[in-house]
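Residue numbers (this note's numbering), protein chains in the order written: chain V, 5 to 319; chain D, 5 to 319. Structure first, commentary second.
Okay, here's the thing in structure tokens:
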């Protein structure tokens, strides 16, 4: 297949691995890119020097395209951007901020820019800002999330209608069938987070990956809406947030409970009780830790079989 | 197409019109059934005598199969069930309760029974209870909703895996493309509420239909989680609920604000400020009031075109 997404990023399959904090280091990124997808380093959990090291290691591990995801709330953006330009990174996905802030600068350096949104309104802002592609992410996605709570099923057709930009669907997508479903709804490609977070090459702790593989439906929940809506696994830490929210705690009280570095504590260091365990709803559908290449191969073969079955189906 | 759903209900298209309070009367139900879908009367907003009248009028307006949706919390179930049996209704969809309570009784009378769930766990309970088909409804759906907040995109593949029952997807589905996407995710058919609520034959007020056609993304929200999670349009009434929830109001306080008969006041009587305006997220994608037949024809032609396009696509 050649389409807007494979052409834009010069990749074989329109499958992008989300640049997730504490999961998306050089091992995962190079494995995904080597398997024909697009790997993205998750700069959100890296000090600038750590990002430089991961970029250099990724370059040594693959000659295929890869990129970096940057949350625009990053405290030291200037230094991060300088490293990305110095290291000649060709693709940047930005999220959690205004696409106008950095898009022109990055594009002037020859970098392809995608931006993550959770609404058609922000997709149109991306188009105005000159972004090359938009990632539309639904309510079911793990981690930080939109305030409108629009799900992938309802978001994708609306963003498709709102913009002619290449459109990448995210949230709840983990398989070949869900990739095909997203493309029927209007997407040109998909961004998959949760399934790659649980892959063999993810830098997440074994404790985190194993817990994700044992989840049932309803075991993640969107909370912290008075600070920044975040989907996480229900654990001891979540219970304290839930209890505080039920009694009407304000943002300051919630920040006090949240404290600092809880995502690292949970995802990376393996504290399943007190960590902030960001993962998507679709985790409850995933039961095995396999390699990034096996994931991509599985998506491709399931997609092709499901698309082939469509030939005979008419209402 | 012949599949598990068309065969079970003896209908032309696997498209079911949700039995919605204050929308799904005999006009809508007979129009949907005459167009080849399955119309469902919404008994939840009908006194027993009113239901009997609507069943009789539906029978006069169509010779095609139709059914009745009953919320199992209905205060006078015995009388309702007696009318359904007396009037020789062949199909019942139950919701909001335990499928064990009435399934055997209804099936012994020769009635086909479907039950609405929001999780795989309850889908398995349906199978144990002898239900003939399961409706799996995602977080994006309007009105009463599941506590797990599982979206259509993540729910359908999991329910498909959990049960071999004929599976009807609901929540966020309004078009041919979304019907096809739901079937790729594992559904045998779809239940469409929101789009039919806004149809010409819906008994909802013009004020409600016009407001629904003017919504933007994010204009509905799931609230009342301490009573029974319900998706509704943000209006004056919603704002009071939202403010109370933010300060930690308990279930009794919320019930006090809710009062009685607000869905009727809003949807049926047209009070857009103080009514409880139940509708799904996908309303913001719908801009026109058209007939049930035009809706079904549009779904069928869009589905067939999309399935044809997909048949040639390979990764």
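Cβ atoms here follow ideal geometry from the backbone N, Cα and C, with glycine treated the same way. As the structure is a prediction and not an experimental result, all values here were calculated from the model.
With respect to the 8 Å criterion, residue 308 of chain V and residue 319 of chain D are classified as neighbours on the basis of their beta carbons. In the DSSP assignment, residue 43 of chain D falls within the beta strand (DSSP E) that extends over 43-46.
Three or more beta-carbon pairs drawn from the segment 166-177 of chain V and the segment 155-173 of chain D are found closer than 8 Å, and the two stretches are therefore classed as touching.
By the neighbour-count criterion, in which 16 or more other beta carbons inside 10 Å mark a residue as buried, residue 256 of chain D falls on the exposed side. For residue 73 of chain D, the pairing in a beta bridge is given by DSSP as D/46 and D/97.
Taken in chain order, the members of the segment 132-154 of chain V whose beta-carbon sits within less than 9 Å of a beta-carbon on chain D are 142, 143, 144, 150, 151, 152, 153 and 154.
Interface residue (Cβ-Cβ distance to chain V less than 8 Å): residue 119 of chain D is not classified as such.
Residue burial annotation: residue 79 of chain D is exposed, with fewer than 16 other C-beta atoms found within 10 angstroms of its C-beta.
Judged by pairs of C-beta atoms under 8 Å, the segment 249-267 of chain V does not touch the segment 122-132 of chain V, as fewer than three such pairs exist. At a Cβ-Cβ threshold of 8 Å, residue 44 of chain D and residue 97 of chain D count as neighbours. In the same chain as residue 99 of chain V, and ignoring 5 residues on each side of it, the C-beta atoms closer than 6 Å to its own belong to 75 and 120, in chain order. Annotation: residue 52 of chain D to residue 88 of chain D spans about 10 Å, alpha carbon to alpha carbon. Cβ-Cβ distances below 8 Å link residue 234 of chain D to 147, 148, 149, 226, 227, 228, 280 and 282 in the same chain, with the five nearest sequence neighbours on each side left out; the list follows chain order.
At a cut-off of 8 Å between C-beta atoms, residue 94 of chain V does not count as an interface residue with respect to chain D. Residues 138, 140, 163, 164, 190, 191 and 192 of the same chain have their beta carbon placed closer than 7 Å to that of residue 171 of chain D, with the five preceding and five following residues left out of the count. Shown here for residue 152 of chain V: same chain residues with a beta carbon closer than 7 Å to its own, the five before and five after excluded, namely 122 and 123 in chain order. Against chain V, the beta carbon of residue 252 of chain D has neighbours under 7 Å at 250, 251 and 252, listed in chain order.
Residue 202 of chain V carries a coil assignment under DSSP once its states are collapsed to helix, strand and coil.
Residues of chain D whose Cβ lies closer than 9 Å to the Cβ of residue 195 of chain V do not exist, since the nearest Cβ in that chain is about 14 Å away. Counting only the Cα atoms, residue 185 of chain V lies some 7 Å from residue 186 of chain D.
Excluding five sequence positions before and after residue 219 of chain V, the CB atoms of its chain that fall closer than 6 Å to its own CB belong to 287 and 288, given in chain order. Residue contact with chain V for residue 17 of chain D: present (Cβ-Cβ distance below 8 Å to some residue of chain V).
Not flagged as an interface residue toward chain D: residue 276 of chain V, since no C-beta distance is shorter than 8 Å. Taking each of V/266, V/246, V/64 and V/24 in turn and checking the Cα distance to residue 195 of chain V, the smallest one comes out for V/24.
In this structure, residue 35 of chain V lies away from residue 310 of chain V, with their beta-carbon atoms at least 8 Å apart. Looking at the DSSP output, residue 224 of chain D sits in a beta bridge with D/237.
What residue 181 of chain V touches in chain D, judged by beta-carbon distance under 9 Å, is 161, 188, 189 and 190, going in chain order. DSSP places residue 141 of chain D in the strand class (E or B) of the three-state scheme.
Straight through space, the alpha carbons of residue 14 of chain D and residue 252 of chain D are spaced by roughly 49 Å.
Just so you know, the alpha carbons of residue 248 of chain D and residue 231 of chain D end up roughly 13 Å apart.
For residue 81 of chain D, none of the residues of chain V pass the 8 Å Cβ criterion, the least Cβ distance being about 28 Å. Within the segment 291-315 of chain V, the residues whose Cβ lies closer than 8 Å to any Cβ of chain D are, in chain order, 303, 304, 307, 308, 310, 311, 312, 314 and 315.
A distance below 8 Å separates the beta carbons of residue 62 of chain V and residue 30 of chain V. Separation of the CB atoms of residue 212 of chain D and residue 270 of chain D is rounded to 7 Å, and the pair is thereby assigned contact status at 8 Å. With a threshold of 16 other beta carbon atoms within 10 Å, residue 105 of chain D falls short and is exposed. In the DSSP assignment, the residues bridged to residue 119 of chain V are V/98 and V/138.
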